[in-house]
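A short worksheet on the structure shown next.
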Amino acid sequence: MEINSFPSEVLCCIFDFLTWNDRKRASLVCRRWNGIINSDRYLRHSKLVLYNYTKVQFFSGVEVGLINTQRNIEFHSSPMLDTDELLSTINEAFPSGEAVVECIDLFLRSDHEQLCNLVIVNLPKLKHLKRLNILANEGFRTLNRELQIESETLEKLKLSFYQNTPCHLQTPNLRSLDLVIRYPSDSNLLHAVSQQLKELTVTFQSKDLVAQLFLCSFGNLEKLNISIENDKYLPYTVSRTLVSSWHEIKVFIDSIRGLKKLEVVDKCNMLRHNYLNVFTYAENLEYLSVNYIILDWTIVEFVSKFKDLRYLNLRGCSTAGEPILLDLPHLEELQMPYKHYATLPCTNLRNLTTLSYSSSQKNHAQFIHQIAKTFTNLRTLNLLNFDYELSSNSFEFLDHLTLLKTLTIRDMSVSNELFLKCPALSTLQKLELRTIVTEISLLDCFPDKFRHLYKLDINNCFFYIFTTDESKTSITFGRLRTLMPRCRISTIDSTVFTNEQYDQNPIYIPG
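Here it is in structure tokens:
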């Protein structure tokens with residue numbers, strides 16, 4: 004096949020479905036790459052991804068006019084990113100003031116200091132810039148003082164420096180900061196801009212610096228995401244900072260009273276003992292996610308203090324063997340701990356509409372009957388990663404959820420008769436099957452059971468066809484679409500294959 008014989012429009016469609024590595028190989032034999040990369044039809048969502056490899060120049064021929072029309076530009080690390088061609092193009096495009104770029108991503112190594120400096124210096128001239136992401140895996144050798152980031156329009160900033168890189172911000176409209184803290188200089192940056200932030204995502208790679216967060220003042224903070232991950236491989240040492248008294252953090256306590264959303268990932272088991280109770284002063288909290296923490300009675304008591312809570316996520320938490328009984332009258336969405344053994348949290352959750360659960364119980368029918376009996380207002384049910392196969396009688400009582408509109412079954416094996424014994428669900432509108440393993444005959448009863456279904460996602464599923472009974476024909480995805488014409492059916496990455504003992508070449512039927 005001579006790839007150069009195709010029209011540019013066809014090549015654009017072909018390249019659209021290739022991964023970047025495949026595009027790199029294809030461009031070796033495609034002499035018209037420059038015309039393709041400059042095609043507006045090729046660039047989806049106005050995003051331009053710039054690479055440069057030894058043999059394949061992914062930005063070769065990219066014109067100033069094209070750069071100026073892109074709303075999203077990504078610079079990805081590679082050995083030859085700092086070439087005269089790219090530097091000249093950027094130096095001509097950005098200072099002109101005509102670029103409409105709104106988001107810039109820099110994923111760089113120290114080899115790319117020229118490019119990074121060129122982009123940073125021209126930030127004040129990018130009048131439409133709203134988001135900037137910088138991930139630097141190495142330090143910048145030519146940086147004598149501190150990195151200066153100046154932009155009047157910047158609203159969201161994400162920074163991660165693997166080596167100590169002091170940074171100074173002149174960003175009066177900054178409202179959202181995503182920061183990885185490895186060094187004291189990172190904490191100093193947070194202190195300098197904390198008053199203007201509405202959203203903060205902070206990841207501590209050194210748990211010795213966690214206390215620095217509680218010495219900040221957040222006058223307008225509404226969303227806080229804290230993650231603690233001690234990186235033992237980083238070659239540095241810092242002196243540990245501790246909070247000696249609650250009087251020291253009074254300013255922090257007063258500044259978080261308007262907090263509405265809190266997410267905590269504590270893999271070092273540090274916050275639960277020292278600082279978690281500080282957040283009980285966030286009286287207006289509506290969204291709480293507490294992950295990778297042991298759920299003993301102290302944590303359950305902490306969670307239950309937020310009476311206005313509407314969303315609670317306990318993913319990744321382990322239980323101490325005690326029942327989790329929550330008194331949260333306004334809670335609407337709940338994700339339970341992974342493989343929860345204790346009884347359902349049936350204390351005063353009358354307004355719950357969304358439940359996500361992963362269970363280790365064997366009697367699925369009784370378990371789901373308990374859910375239907377406990378949460379009568381449930382509209383969304385997500386069943387995730389059960390220990391045992393979802394048995395054929397699991398959904399016998401599912402019709403007791405008279406308001407159920409969305410059902411998700413994810414990451415487990417299920418019986419092919421699961422829906423055969425399920426009553427017709429007249430209220431169900433959306434069904435998602437993601438990464439499940441079963442027979443293709445599971446789908447046979449869908450047209451009769453789900454007459455009002457308007458969306459069916461069959462994502463990354465593995466279906467068997469047993470060929471022992473030649474008289475029995477299996478349903479296909481195409482046939483299913485014909486029988487359910489009003490339902491939008493997606494079968495992304497799902498596979499149908501035979502299960503013959505000696506079949507060395509299983510049938511693959513793409514969705």
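This note's numbering puts the last residue of the sequence shown at 514; the count rises by one with no breaks.
Note that beta-carbon positions come from the ideal geometry of N, C-alpha and C, so glycine has one too.
The structure presented is a predicted model; accordingly, all values stated were derived computationally and were not measured.
Could you check if residue i is buried or exposed, using at least 16 other CB atoms within 10 Å of its CB as the buried criterion?
i	result
His194	exposed
Ala214	buried
Ser497	buried
Leu404	buried
Thr494	buried
Asp269	buried
Val13	exposed
Asp108	buried
Thr501	exposed
Pro332	exposed
Pro10	exposed
Ser363	exposed
Thr485	exposed
Gln73	buried
Arg185	buried
Ser91	exposed
Val499	buried
Tyr391	exposed
His115	buried
Ser429	exposed
Ser190	buried
Under 8 Å between the Cβ atoms of residue i and residue j?
i	j	result
Leu401	Ala375	yes
Cys271	Leu298	no
Leu157	Lys130	no
Lys408	Leu431	yes
Asn125	Phe97	yes
Phe164	Leu118	no
Asn223	Leu200	yes
Glu153	Pro127	yes
Ser230	Phe207	yes
Leu446	Leu483	yes
Pro175	Glu149	no
Ile439	Ile478	no
Leu172	Leu135	no
Asn385	Arg413	yes
Leu410	Phe378	no
Arg260	Tyr278	no
Thr441	Asn419	yes
Arg313	Leu334	yes
Leu182	Leu162	yes
Leu138	Leu89	no
Asp330	Ser307	yes
Specify, as a first and last residue, the run of the beta strand (DSSP E) that residue i falls within.
i	result
Ile478	That residue, Ile478, is in no beta strand (DSSP E); it is neither H nor E in DSSP.
Phe305	First-last for Phe305: Trp300 to Ser307, but that is the alpha helix (DSSP H), not the beta strand (DSSP E).
Cys271	Segment: none, Cys271 is in no beta strand (DSSP E) and carries neither H nor E.
Phe255	Run containing Phe255: none in the beta strand (DSSP E); it sits in the alpha helix (DSSP H), Lys253 to Ser258.
Ser330	Before going on, a small fix: residue 330 reads as Asp here, not Ser. From DSSP, Asp330 is part of no beta strand (DSSP E); its letter is neither H nor E.
Lys452	Segment Phe449 to Lys452 is the alpha helix (DSSP H) holding Lys452; no beta strand (DSSP E) there.
Ile468	Phe465 to Ile468
His520	Outside the modelled stretch of the chain, which goes from 4 to 514, sits residue 520, for which no answer is possible.
Ile296	Looking at the DSSP string, Ile296 is not in any beta strand (DSSP E), and its letter there is neither H nor E.
Tyr314	Tyr314 to Asn316
Lys50	Lys50 to Leu53
Val499	Thr498 to Thr501
Tyr360	Thr357 to Tyr360
Asn229	Here the sequence assigns Ile to residue 229, which means Asn is not the residue at that position. Lys226 to Ile231 is the extent of the beta strand (DSSP E) around Ile229.
Arg491	Arg491 to Ser493
Just checking my contact of residue i with residue j at CB under 8 Å: how many whole Å lie between their CB atoms?
i	j	result
Lys433	Glu399	Not confirmed; about 21 Å, so no contact.
Leu456	Met487	7 Å
Ile327	Val303	6 Å
Ser359	Gln338	4 Å
Val196	Ser220	That pair is no contact at about 11 Å.
Tyr290	Lys264	4 Å
Val417	Leu393	4 Å
Asn280	Phe305	6 Å
Thr357	Pro340	Contact doesn't hold; Cβ gap of about 16 Å is too wide.
Phe449	Met415	Incorrect: roughly 19 Å between the Cβ atoms, too far for contact.
Leu218	Ile256	Not quite, the Cβ-Cβ distance comes to about 11 Å (not below 8 Å), so this is no contact.
Considering just the uninterrupted stretch of the alpha helix (DSSP H) at residue i, what are its terminal residues?
i	result
Glu289	Counting along the chain, Glu289 falls outside any alpha helix (DSSP H), and DSSP gives it neither H nor E.
Glu88	Asp87 to Ala96
Thr441	Thr441 -> not in any alpha helix (DSSP H); beta strand (DSSP E) instead, spanning Lys433 to Glu442.
His372	His367 to Thr377
Thr72	Val67 to Thr72
Length at least 4, wholly inside the stretch 107-192: the alpha helix (DSSP H) runs in chain order
Annotation: the stretch 107-192 contains the following complete segments of the alpha helix (DSSP H) (minimum length 4 residues), in chain order: 116-124.
Ranges of the beta strand (DSSP E) found wholly within the stretch 383-412, counting only runs of at least 3
Scanning the stretch 383-412 from its first residue to its last, the whole beta strand (DSSP E) runs of 3-plus residues come out as 383-387.
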